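Trainee:
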Amino acid sequence: MIKSQRINVFQHVPFLRGILKSRLFQPVLTLTTLFFFTLAIVTGLFGTPVGNRNFGIVFVWIVWWGLLIILLVPFLGRLWCAACPIPVPGEWLQRRGIINRRQGRLSTLRWKFPKRLRNMWLQNFGFLGIAIFSAIILTRPEVSAWLLLGFSLIGIVLSILYENRVFCRYVCPVGGFIGLYSLMAPIEVRVADPQVCATHTPKDCIIGNEYAYGCPWMVFPGTLERNTYCGMCMECIKACPKNNVVINLRPVGSDLMVAKERRLDEAYKAFIMLACALLYSAVLLGPWGWLKQWANMDTLPHWLIYAGVFLLANLLLLPGLFTLTALLSRRWGGVQVPLRQLVTDYAYTLVPLGLTAWIAFSFSLVFTNGSYAFGVLSDPFGWGWNLFGTTESAWTPFGSSLIPFLQTGILTAGMLFAVNTAYKIAGQHTPNPRQALRGMLPVAGFITSITFVFLWLYLG
Amino acid sequence: MIHLQKLFGLLRQHGVILSGIILGVIVMTFPIPRLTDPQTRTITLDARQFEFAPHRIHINKGDRVIINFTASDVVHGFYLDGYGIQERVEPGVTKQIEIVAERTGKFRYRCSVSCGSLHPFMIGELVVGPNEPFWRAIAFVSVSVITLIAYQFFSKGTSYEHTTLGTSPA
Chain A
22 MIKSQRINVF QHVPFLRGIL KSRLFQPVLT LTTLFFFTLA IVTGLFGTPV
72 GNRNFGIVFV WIVWWGLLII LLVPFLGRLW CAACPIPVPG EWLQRRGIIN
122 RRQGRLSTLR WKFPKRLRNM WLQNFGFLGI AIFSAIILTR PEVSAWLLLG
172 FSLIGIVLSI LYENRVFCRY VCPVGGFIGL YSLMAPIEVR VADPQVCATH
222 TPKDCIIGNE YAYGCPWMVF PGTLERNTYC GMCMECIKAC PKNNVVINLR
272 PVGSDLMVAK ERRLDEAYKA FIMLACALLY SAVLLGPWGW LKQWANMDTL
322 PHWLIYAGVF LLANLLLLPG LFTLTALLSR RWGGVQVPLR QLVTDYAYTL
372 VPLGLTAWIA FSFSLVFTNG SYAFGVLSDP FGWGWNLFGT TESAWTPFGS
422 SLIPFLQTGI LTAGMLFAVN TAYKIAGQHT PNPRQALRGM LPVAGFITSI
472 TFVFLWLYLG
Chain B
7 MIHLQKLFGL LRQHGVILSG IILGVIVMTF PIPRLTDPQT RTITLDARQF
57 EFAPHRIHIN KGDRVIINFT ASDVVHGFYL DGYGIQERVE PGVTKQIEIV
107 AERTGKFRYR CSVSCGSLHP FMIGELVVGP NEPFWRAIAF VSVSVITLIA
157 YQFFSKGTSY EHTTLGTSPA
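In C-alpha cells, the structure reads:
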C-alpha cells in the first residue's frame, strides 16, 4: 500500500538519471565542499581566534549547520553524505582515483570491521563526546579546525584498514543523526522492482562493474527499506544494468513504520538527539551565564559537573523517563510486548519531534547569527581583508520577531507527527484500535510534555 | 443506509477537526485582560563576559523601562530583539536605554559588540507580561494534540492499519 504512494522521479525528470549516472556527479559535489572544508580548516588554524570573525566557525557551525538541519536533512535525507568532504581523501586513496572507475579491488588492508561495532553505538558515544565540548568547539576556530582535521584523518586511517565507507557507516557522529533523521525525508533511493534484483544474480550494485563501484555503504539496494544507511552516492544507479534503481518521492516519514529494522542503538540515537536539542537550547540560547561558563570550562570542576549532568541526562534521565512511559503504555494498552521492544519501537516517535526541535533551535541560531557570514566572506581569516567589500557589514539579527512563531509552528508540526506515529506504532502491537489508542496515550503525553519544555525555553 | 452511516462517520471525524480548528482560533485570539496599570521602572543592567545581570527582567505591557546599562570587564553591547534598540558601553560608563513595552512576550537582549569566545551566546531575557505568545502557544499545542487524539478516537479504526511486527508495511 505504501509503495503505491511512491513517485518515480526518473519518470517525470528523465534527464536526472543521466546526471546521476555520470561519474562526475559526486566528484563535482565533493570537490566543491572540499574547497570550503579546507578553507575552514586553514582559517581555523591560522586565522583570528575571534569565532564570529573566522570563516571556519561561521561557515561550519552557522551556514553549513543551518543548511543541513533546516533544508538538506528534512527534504533530501542523506544527500549531504554524498557531498561530504570528510571521507573523500580516504575514498580516493582506496579507489586510487577521483572520477573514473579504476578496475580491480579497492586498495585497503582488507581488515574486517568488528561485528560488535557494526551499529550506531560508536556514533552515539562519538556525538556525546563532542557534544560535551560543544561550547568550546563552536566558538574556538582552532579547536574546531583540529576536530574537522581529526575527522578527516580518522576517515583516511579507516579507509586504509577497511574496505568502503566504514567511517561514514559506523563512526561519523554527524552521519549517525543524519541517518536517523533521513527516515523522515520525502525522498529515497530504492529499486523499482525487487523481483528484478532477486533474479539478477551478478549483483553489480554490490560488487561493482566497469561503470561503478559496489555500494560503498555496504547496502544491498534490492532489499533496502529505509534511508538510514544509504549515503545517496548514486553508485547503484550507475551500476545497475537493468536501470532498476530509482529515486522516489514518498510520504514524509515513511521509513518510521518499517518495524523489522528497529534497533536499540538507533533508539538511543533518538534519545540523545532529543536530549541534546533540549540541553543546547538551555545552554546556548538560554539566559544563564553561569551555565555557559561551566560549558565553556571556566574551571575544570565546573565543567566536570556540567559534562556529568549532560551525559546523565542523555544516557539515563531521558531514556529512563521514556522507559517509564513505555511501561505505562504497556499497562494501559494491555499489550504483551517485551519492554525493550516497546521502548525501541516507540523511540521512533522521537524522530519527528527531535528533527523539528533541532530545526527550531537552528532558526534561532542561524537567523540571529547568519549575518556574520557576509563579513567572513570578504575576510575569512579576520586579517583585515575586504575581498567583496562586505567586511564591515554590521551584525544584523534577521527576523527576530518572527522566530518564536516559526519555532511554535515547527514544534507543533513535529509533535503532531510524533503522536500520529505513536498511534501507528501502537497499531503494530495490537489489532484493536481502542487498545492501540490507550497504549499510545502515555507516549503522546511524553511527547507533548517535551514540546512544552521547548516552548518554555523559547517563549516562556 | 450504509452510505448514510459512512456519511455520519465522516461528519463525526471531520467535526472533530472542525471543532479543533474553531477552538484553536479561539485560543489564539481570545483577549487577555491587562492586570496592572503601566509603571515606570528603572533597572540597572550590567554586562560581563558572557552574561547579563539580571539575566531576566519581568515587566508588564505598557511599562516604561529605563535601563542603566553598564559593563564590568570589556566593551559590551545591547540589542533588543523585536525592538531593534542597540547600544554600546565601555567599562566605567553608564548608558541609559529607554524602552516602552508595547508588545507582550519574551524578547531576548544580546551583546552586540564582539566581547569574546561566547559572545554570540551572551543573551538575557525581557519578559513583557502577561506573556501572551507563550500561553497561546501552550494552548494551541494542547488543542492540536487533543484534536488529533479525538480524531483517532472517533475514526474508530478507519485511519488505523494494523501491521504485524517483523514485517514492513510496504
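Protein chains in written order, with this note's numbering: chain A, 22 to 481; chain B, 7 to 176. A virtual CB, placed ideally from N, CA and C, is assigned to each residue, including glycine. Here the structure is a predicted model, which is why all the values come from computation and not from measurement.
Report the option in N145/A, L299/A, K133/A whose CA atom is closest to the CA atom of Y289/A.
Mentor: Closest by alpha carbon: N145/A.
Trainee: How is the beta strand (DSSP E) around L270/A delimited, first residue to last?
Mentor: Taken as a continuous stretch (DSSP letters only), the beta strand (DSSP E) holding L270/A covers 266 to 270.
Trainee: Would you report the Cα separation of A143/B and L386/A, rounded to the nearest angstrom?
Mentor: Cα-Cα distance, rounded: 21 Å.
Trainee: Would you report the Cα separation of Y157/B and F127/B, rounded to the nearest angstrom?
Mentor: Computed Cα separation, rounded: 42 Å.
Trainee: Going by the CB atoms, is the gap between G274/A and L204/A shorter than 8 Å?
Mentor: The answer is yes: Cβ separation under 8 Å.
Trainee: Just the chain B side, please: which residues come within less than 8 Å of G125/A by C-beta, in chain order?
Mentor: Neighbours of G125/A on chain B: none; closest Cβ ~37 Å, over 8 Å.
Trainee: Where G111/B and V151/B are concerned, what is the direct C-alpha to C-alpha distance, given to the nearest angstrom?
Mentor: The straight-line gap from Cα to Cα measures roughly 23 Å.
Trainee: Given that M436/A touches chain B, what residues does it touch there, using C-beta distances under 7 Å?
Mentor: Near M436/A (Cβ distances below 7 Å), the residues of chain B are V147, V151.
Trainee: For a contact meaning CB atoms closer than 7 Å, what does S78/B contact in chain A?
Mentor: Per Cβ cutoff of 7 Å: no residues; S78/B is ~12 Å from chain A at best.
Trainee: Give me the Cβ distance between E282/A and N248/A, rounded to the nearest whole Å; I'm assuming they're in contact under 8 Å.
Mentor: Contact doesn't hold; Cβ gap of about 11 Å is too wide.
Trainee: With C-beta atoms as the reference, is G135/B less than 8 Å away from H64/B?
Mentor: Closer than 8 Å, so yes.
Trainee: Can you pull the chain B neighbours of S421/A, defined as C-beta to C-beta under 7 Å?
Mentor: Those within 7 Å of S421/A in chain B are D87, G88.
Trainee: For E184/A, which of helix, strand or coil comes out of DSSP?
Mentor: Correct three-state label for E184/A: coil.
Trainee: Let me check understanding here. Comparing Cα to Cα, which of P106/A, N264/A, V30/A, L37/A lies closest to A61/A?
Mentor: A61/A has its Cα closest to that of P106/A, out of P106/A, N264/A, V30/A, L37/A.
Trainee: Does the beta-carbon of P308/A have 16 or more other beta-carbons within 10 angstroms, so that it is buried, or is it exposed?
Mentor: With 16 or more other Cβ atoms within 10 Å, it is buried.
Trainee: Verify the CB distance criterion: does P207/A have a CB-CB separation below 8 Å to chain B?
Mentor: Output row for P207/A: interface = no.
Trainee: Look up L159/A in the DSSP assignment and say whether it is helix, strand or coil.
Mentor: In this structure, L159/A counts as coil in the three-state DSSP scheme.
Trainee: Could you check where the alpha helix (DSSP H) with D400/A kicks off and where it finishes?
Mentor: From DSSP, D400/A is part of no alpha helix (DSSP H); its letter is neither H nor E.
Trainee: Find the nearest neighbour of S422/A within the set R114/B, V147/B, S161/B, judged by alpha-carbon distance.
Mentor: Cα-wise, what sits closest to S422/A is R114/B.
Trainee: Distance check for Y369/A and D286/A, CA to CA, integer angstroms please.
Mentor: Cα-Cα distance, rounded: 11 Å.
Trainee: Can you pull the chain B neighbours of V440/A, defined as C-beta to C-beta under 8 Å?
Mentor: The contacting residues are V151, L154, I155.
Trainee: If you follow the alpha helix (DSSP H) that D366/A is in, where does it begin and where does it stop?
Mentor: 360 to 368 is the span of the alpha helix (DSSP H), which, as asked, contains D366/A.
Trainee: For chain B, find out if any of its Cβ atoms is closer than 8 Å to the Cβ of N317/A; answer yes or no.
Mentor: So, interface residue.
Trainee: Use the C-beta contact count for H33/A: other C-beta atoms within 10 angstroms, 16 or more gives buried, fewer gives exposed.
Mentor: Flag for H33/A reads exposed.
Trainee: Between the region 115 to 132 of chain A and the region 424 to 433 of chain A, are three or more C-beta pairs nearer than 8 Å?
Mentor: No: fewer than three Cβ pairs fall under 8 Å.
Trainee: Within a Cβ cutoff of 7 Å, which residues of the same chain sit near A176/B, ignoring the five residues on either side of it in sequence?
Mentor: With a pLDDT of only 32 at A176/B, under 50, the local geometry of the prediction cannot be trusted, and the value read off the model is given with reservation. Cβ neighbours of A176/B beyond the five flanking positions: none.
Trainee: Round the Cβ separation of H61/B and G310/A to the nearest angstrom and send it over; I've been treating them as touching at under 8 Å.
Mentor: That belief holds up - the Cβ atoms of H61/B and G310/A are roughly 6 Å apart, short of 8 Å.
Trainee: By Cβ distance below 6 Å, which residues in the same chain neighbour G98/A in space, the five residues on each side in sequence not counted?
Mentor: Excluding sequence neighbours, G98/A sits near S203, A206, I208, N248.
Trainee: Listed in chain order, which residues of the region 122 to 138 of chain B have Cβ atoms closer than 9 Å to some Cβ of chain A?
Mentor: Cβ contacts with chain A come from G122, S123, L124, H125, P126, F127, M128, I129, G130, E131, V133, N137.
Trainee: Suppose the cutoff is 8 Å on Cβ atoms and the five residues either side in sequence are ignored; what does the same chain contact list for V106/B look like?
Mentor: Around V106/B: G68, D69, R70, V71.
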